[in-house]
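Here's the structure we're looking at; comments come further down.
Numbering (my numbering), first residue to last: 65 to 868.
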């Protein structure tokens with residue numbers, strides 16, 4: 065936006081005005097150039113104070129390092145030196161040096177010749193929720209769970225993580241066309257964050273009780289415990305590249321390496337054999353069983369909960385790449401990229417504290433090789449026509465050895481088989497993740513009469529993945545089927561026009577469809593299994609050709625024949641996607657600008673479904689967004705800005721066990737800002753913002769079916785339990801924040817000044833997931849997690865700034 069200079073007391077002739085314009089602009093340019101040649105250095109020191117307790121600053125102080133204390137020192141500096149003789153620059157910068165988010169940087173360079181840099185930065189994340197617990201050594205790898213006698217009788221602890229990163233960089237121009245770049249980064253992360261574990265003591269793990277004493281006693285069968293994750297890791301990154309360019313070719317070749325080292329291999333909690341039941345009373349955990357139930361003996365709820373918990377293992381990745389562009393003609397240019405990445409994970413199991421690995425396996429031995437190819441072309445074959453095309457192919461080969469990591473216990477004969485066990489004594493492999501992805505885009509834009517530019521684009525992508533084939537070695541629990549291949553194809557249309565000298569507008573529409581191959585059946589129906597019912601044999605003959613169903617590929621309709629309530633994985637299901645977008649930019653004068661954006665999109669699950677059982681799983685989702693931004697220069701010295709937006713996202717899920725869920729997120733935001741100069745020495749500003757985010761959880765009871773396929777199904781009304789639970793429903797989860805920012809900058813003289821900042825934040829939220837009506841979420845040891853639902857904090861900062 066241009067600045068108008070008004071001289072109401074001075075009358076100028078046309079010649080004088082022209083001379084003033086020419087030489088005035090020259091003087092302004094000279095001043096700007098001088099400032100760039102010899103920029104000022106500066107330093108500021110100050111103090112920030114804030115009211116309230118830690119609970120008032122839980123949200124406000126998550127990332128700015130200002131949660132725990134009421135006052136902090138402020139120190140920033142920016143030191144810049146240019147050596148006129150050698151033409152070298154040196155820059156030293158420091159910011160937030162009095163806070164836990166401090167940053168330091170140093171650089172020295174001779175433009176067009178060489179440059180070296182060093183940077184250091186810290187970042188602290190304070191988790192906003194407070195934990196009240198009796199746990200000992202919380203945040204370590206060996207926490208001891210202590211059951212509290214009553215809720216709230218423990219000690220409050222706040223979790224946080226700290227990152228410290230140091231970076232070194234070097235650049236060298238070997239020739240005017242050849243440049244070398246080297247960068248190294250070392251980052252450490254420490255602290256603890258929310259984590260935990262829970263278990264429902266399944267019969268095939270803990271066995272079934274056969275003695276009268278156990279049957280008559282009261283035991284807790286399941287429990288959830290909070291166990292903060294202990295974090296202590298190092299990440300090293302190396303990036304080296306060579307850049308070459310001439311009149312037509314620009315190319316870079318390089319190496320990128322990432323090395324992750326977790327100093328904690330596992331967590332080994334100590335858990336007592338005392339847990340709360342559903343009404344908060346203490347009972348011993350589900351006991352271990354003997355050899356008469358499970359060969360070698362079963363285990364107990366206590367032993368499961370204090371078994372080792374694996375933490376992220378050490379891993380590394382190495383990538384070699386080459387990318388660049390080539391100009392065939394001034395109007396035709398190609399770009400390209402090839403990258404090969406080798407990633408591995410070979411952390412020793414025993415070194416991590418994880419015993420009982422599969423025979424012959426001391427580590428996972430994970431190896432994944434990824435190759436990426438990309439080629440693009442941009443051309444202007446005609447003055448009115450521009451065309452771009454791009455193809456991309458990625459192959460990910462998982463070379464991780466397969467081993468029997470998954471085991472189910474063996475039942476003792478003739479003892480009773482645990483009721484919930486499905487494959488006693490079963491073992492199966494870990495799953496590999498090999499896949500290939502291909503994508504292509506084509507877009508053309510043409511300038512039509514009346515100032516209209518039309519754009520049409522076509523998009524295609526495919527994903528092929530490995531799917532299980534043999535039940536003996538591989539099992540995927542909880543799903544009815546997987547898909548080996550998915551393809552997405554669609555088109556985009558856009559019309560963009562200058563409606564007038566002051567209004568520009570655009571209207572676009574996009575549509576795409578996802579489809580794919582037949583589905584791989586995960587059903588265990590097998591005609592060779594003893595005791596297979598006549599009905600199941602009929603299903604096997606109809607839909608699986610009389611062969612074992614597992615691993616066969618059949619159409620979705622056939623899967624519905626095997627199970628009318630089959631839920632297809634959301635990421636693999638057929639989808640129809642449509643989206644509209646309209647934008648407008650109105651600039652009636654140099655002082656005023658208005659931008660409007662409207663979006664409306666919808667995704668729909670188009671997989672077949674049984675008309676009686678209904679469509680199961682994810683069914684559809686929709687997104688709407690409306691936003692308005694405006695700026696207005698009231699005078700040369702005062703500027704006003706404002707924005708408002710409304711977002712609405714919905715997702716409909718028909719659960720396979722009796723519930724229909726409508727998830728709805730509504731987000732409203734608005735802001736108003738004003739900045740200006742009261743005089744040449746005093747600049748002030750104010751900003752008011754508003755955010756309201758609401759998540760609604762609509763729950764309704766769904767019908768079920770009776771009868772067995774392939775025979776007719778009949779509708780069964782929702783159960784009384786489902787109706788009662790749906791009637792209770794779930795409350796909304798909401799977050800509302802109002803923020804006010806005021807600042808003032810006063811120039812004491814040409815080199816020194818004062819800066820004043822005031823920030824006020826008001827937060828109000830309701831999250832039933834962690835508490836409801838003042839009652840916090842309670843774990844099986846009476847540990848609770850809570851956060852103050854209303855938080856008000858005011859922060860005032862005063863700084864002295866000096867330029868030199």
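Yeah, the Cβ is synthetic: ideal placement off N, Cα and C, and Gly gets one too.
Source: prediction; values computed, not measured.
Residues near residue i by beta carbon distance below 7 angstroms, same chain, minus five either side
i, result
"residue 742", "748"
"residue 799", "757 and 829"
"residue 722", "765, 766, 768, 782, 783 and 786"
"residue 387", "316, 400 and 401"
"residue 840", "834, 848, 849 and 850"
"residue 445", "451"
"residue 763", "723, 725, 790, 793 and 794"
"residue 604", "589, 591, 610 and 613"
"residue 42", "This structure gives no information on residue 42, because the portion of the chain shown stretches from 65 to 868."
First through last residue of the beta strand (DSSP E) which encompasses residue i
i, result
"residue 234", "219 to 239"
"residue 115", "Premise fails: residue 115 is in no beta strand (DSSP E) and is neither H nor E."
"residue 143", "135 to 147"
"residue 318", "313 to 326"
"residue 306", "293 to 309"
"residue 261", "260 to 264"
"residue 583", "583 to 585"
"residue 456", "449 to 462"
"residue 729", "723 to 741"
Sequence-distant residues of the same chain with beta carbon closer than 8 angstroms to residue i, five excluded per side
i, result
"residue 785", "none"
"residue 374", "329, 330, 416 and 418"
"residue 852", "119, 120 and 122"
"residue 873", "Here the chain has residues from 65 to 868 only, and residue 873 is not among them."
"residue 243", "235, 236, 237, 306, 307 and 308"
First and last residue of the uninterrupted alpha helix (DSSP H) at residue i
i, result
"residue 154", "No alpha helix (DSSP H) contains residue 154, which is instead part of the beta strand (DSSP E) from 152 to 159."
"residue 413", "413 to 416"
"residue 602", "598 to 607"
"residue 715", "Premise fails: residue 715 lies in the beta strand (DSSP E), 702 to 718, not in any alpha helix (DSSP H)."
"residue 177", "No alpha helix (DSSP H) contains residue 177, which DSSP labels as neither H nor E."
"residue 792", "784 to 792"
"residue 368", "365 to 369"
Neighbour-count burial assignment, residue i, 16 or more Cβ in a 10 Å radius
i, result
"residue 825", "buried"
"residue 56", "The structure shown has nothing for residue 56, since the chain only spans 65 to 868."
"residue 631", "buried"
"residue 844", "buried"
"residue 408", "buried"
"residue 854", "exposed"
"residue 627", "buried"
"residue 313", "exposed"
"residue 654", "exposed"
"residue 420", "exposed"
"residue 599", "exposed"
"residue 815", "exposed"
"residue 671", "buried"
"residue 404", "exposed"
"residue 394", "exposed"
"residue 776", "exposed"
"residue 293", "buried"
"residue 636", "buried"
Cutoff 6 angstroms; reference residue i; Cβ partners in own chain excluding five residues on either side
i, result
"residue 320", "303 and 383"
"residue 666", "642 and 686"
"residue 801", "755 and 827"
"residue 339", "284, 287, 349 and 844"
"residue 657", "651 and 695"
"residue 519", "509 and 558"
"residue 689", "663 and 711"
Runs of 4 residues minimum, wholly inside the segment 627 to 690: which ones carry the alpha helix (DSSP H) assignment? Runs of the alpha helix (DSSP H) lying entirely within the segment 627 to 690 and spanning at least 4 residues: none are present.
Per the contact definition of three or more C-beta pairs closer than 8 angstroms, is the segment 497 to 512 in contact with the segment 443 to 458? yes
Quick one: any contact between the segment 175 to 185 and the segment 221 to 231, if contact means 3 or more CB pairs under 8 angstroms? yes
Does the pairing of the segment 251 to 271 with the segment 295 to 310 give three or more beta-carbon distances under 8 angstroms? yes
Below 8 angstroms, can you find three or more Cβ-Cβ pairs linking the segment 193 to 200 to the segment 128 to 142? no
For the structure I just gave you, are there three or more beta carbon pairs, one from the segment 207 to 221 and one from the segment 153 to 168, closer than 8 angstroms? no
Assess, as a yes-or-no matter, whether the segment 526 to 544 is touched by the segment 555 to 574 under the definition of 3 or more beta carbon pairs within less than 8 angstroms. no
Using a Cβ distance threshold of 8 angstroms, determine whether the segment 855 to 866 contacts the segment 103 to 114, with at least three qualifying pairs required. yes
Suppose only complete runs of 3+ residues qualify. What are the beta strand (DSSP E) ranges in the segment 394 to 438, listed by chain order? 396 to 409
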